[in-house]
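Okay, structure first, notes after.
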Amino acid sequence: MKRNISLEEARQLLLAHCQPPGVEEVPFSDSLGRVLGANLIAGENVPPFARAAYDGYAFRSADTVSAT
Numbered sequence: 247m248k249r250n251i252s253l254e255e256a257r258q259l260l261l262a263h264c265q266p267p268g269v270e271e272v273p274f275s276d277s278l279g280r281v282l283g284a285n286l287i288a289g290e291n292v293p294p295f296a297r298a299a300y301d302g303y304a305f306r307s308a309d310t311v312s313a314t
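The numbering of the sequence shown is our numbering, which starts it at 247 and goes up by one.
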């Protein structure tokens, strides 16, 4: 019989049955579409000054191919 479970119980079930993906080193040229396995902190701000004139949105051009 199906029953509703709490969010915490669902989280525990997922964590008990799923293994995190492994980490592997690949050349930068092969890294497109991958997720970084560690924090990366820039050594300096680029550009080194406030550039945006107003808040905006970022998106990939590939997601706008059929947009109007």
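Note that beta-carbon positions come from the ideal geometry of N, C-alpha and C, so glycine has one too.
Secondary structure at residue i, three-state DSSP: helix, strand or coil?
i, result
"F305", "coil"
"A256", "helix"
"T314", "coil"
Can the beta-carbon of residue i be found less than 8 Å from the beta-carbon of residue j?
i, j, result
"V269", "G283", "yes"
Near residue i, what residues of its chain come up, given a Cβ to Cβ distance below 8 Å and the 5 sequence neighbours on each side ignored?
i, result
"I251", "L259"
Which full runs of the alpha helix (DSSP H) of 4+ residues lie inside the stretch 247 to 294, going along the chain? 253 to 263
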